[in-house]
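Everything below concerns the one structure shown next.
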Amino acid sequence: MNKNVVKFIEKKLVRKLKGKTKRKVKKEIKKDISSKIKQNVNYTLYLCTDRGLMSSATIEESVEKAIKGGVTVVQLREKDCSSKEFYDIAVSVKKITDQYKVPLIINDRVDIALAVKAAGVHIGQSDLPVKVVRRLIGYEKIIGVSVSNVDEAVKAKKEGADYLGVGAMYATDTKKDTRAVSMEELMKIRDNVDIPIVVIGGINMNTLYNFKNKGINGLAVVSAIVAKEDVEGAARQMYEAFTDSKK
Ligand code: TZP
Ligand code: MG
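Just so it is clear: in the sequence shown, position 33 is 129 by the working numbering, and no numbers are missing.
Written out as structure tokens, the structure is:
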């Protein structure tokens with residue numbers, strides 16, 4: 097364990113031991129450690145999968161190539177499949193994300209996230225409320241929430257979201273039923289909410305420069321990675337352009 101984490105736990109211990117039961121203290125410390133670990137998630141290049149769009153023969157191949165190129169988080173986002181199929185894919189993709197130590201987030205489905213021991217779940221405005229998801233999934237798991245305005249963002253954070261997906265920043269063929277988010281609204285969200293933000297919707301090599309040096313933690317991308325012939329190269333190019341560093 098790193099020195100800072102040990103120091104952090106010691107400090108918390110001293111403060112929390114005062115007049116509390118051992119069980120309560122243990123629970124609170126676990127909660128604090130989880131939130132510390134969750135704060136260290138690297139959201140720089142956040143891949144959302146889409147089997148319908150991918151250039152690769154299998155989703156496993158698509159995810160592995162993307163990770164090799166620099167993807168730091170993978171969200172399994174598979175619409176139009178049965179629970180069993182979604183579960184099977186999740187088990188299989190989790191083997192790859194575990195191998196590369198990349199967090200796996202499951203779109204929509206709390207049950208599948210729990211079943212495969214994923215790092216967390218991503219929910220939208222018409223999914224289960226954040227509070228309910230938190231109660232079901234526990235404080236150790238990551239909850240990401242899609243938002244399109246500052247009110248939704250503030251509410252999501254208040255109810256326990258760990259990060260926000262803000263979009264759609266640009267119109268995209270990947271998802272038609274989106275609400276447009278202006279740069280002004282994005283900046284308002286950034287100023288009012290202190291959890292990590294990834295931008296989504298039409299993020300590619302032309303648009304990513306608009307989000308540099310604006311306090312945005314990462315780029316959430318579907319087609320500009322999975323649909324490209326060279327998935328690894330596309331991810332690498334985006335990672336390097338956004339971070340100004342080599343991958
Ligand atoms: N939510 C808002 S836009 C979007 C989602 C899932 C799709 C983004 O896809 P792409 O191909 O990166 O524009
Ligand atoms: Mg959803």
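Heads up, the beta-carbon is just placed ideally off N, CA and C, and yes, glycines get one too.
Asked                                                                                                                   : Found
Limits of the alpha helix (DSSP H) - the one that Asn288 falls within                                                   : Met279 to Asn288
Rounded separation between Ile233 and Ala257 - CA only                                                                  : 12 Å
Strand pairing of Tyr259, partner residues [DSSP]                                                                       : Gly240
Beta bridge counterpart(s) of Tyr142 as assigned by DSSP                                                                : Val169 and Ala316
Which listed residue (Val318, Met279 and Asn302) has its alpha carbon closest to that of Phe338                         : Asn302
Neighbourhood of Gly297 by C-beta distance below 7 Å, restricted to the same chain and skipping five residues each side : Gly263, Ala264, Met265, Tyr266, Thr268 and Thr274
Ala316 versus Ala331 - alpha carbon distance                                                                            : 11 Å
DSSP state of Leu200 mapped onto helix, strand, coil                                                                    : strand
Sequence-ordered residues whose beta carbon comes within less than 5 Å of a heavy atom of ligand 2                      : Asp204, Gly220 and Asp223
Anticipated Cβ contact below 8 Å, Val170 with Thr193, distance rounded                                                  : 5 Å
C-beta atoms of Val294 and Tyr139 nearer than 8 Å                                                                       : yes
Continuous alpha helix (DSSP H) stretch holding Val187: start and end                                                   : Ser179 to Gln195
Supposed close pair Val217, Ile202 - CB separation, criterion 8 Å                                                       : 5 Å
Distance, Glu160 Cα to Glu325 Cα                                                                                        : 14 Å
Tyr335 and Pro292 closer than 8 Å at C-beta                                                                             : no
DSSP-derived helix/strand/coil call for Ile299                                                                          : coil
Lys107 versus Ser178: straight-line alpha-carbon distance, rounded                                                      : 47 Å
Arg286 to Val101 span [Cα, whole Å]                                                                                     : 27 Å
C-alpha distance - Ile219 paired with Thr145, whole-angstrom precision                                                  : 15 Å
Backbone secondary structure at Val212 - three-state DSSP                                                               : coil
Pairwise C-alpha distance: Phe307 and Lys343                                                                            : 19 Å
Spatial distance of Ala162 from Ile208 (CA atoms)                                                                       : 22 Å
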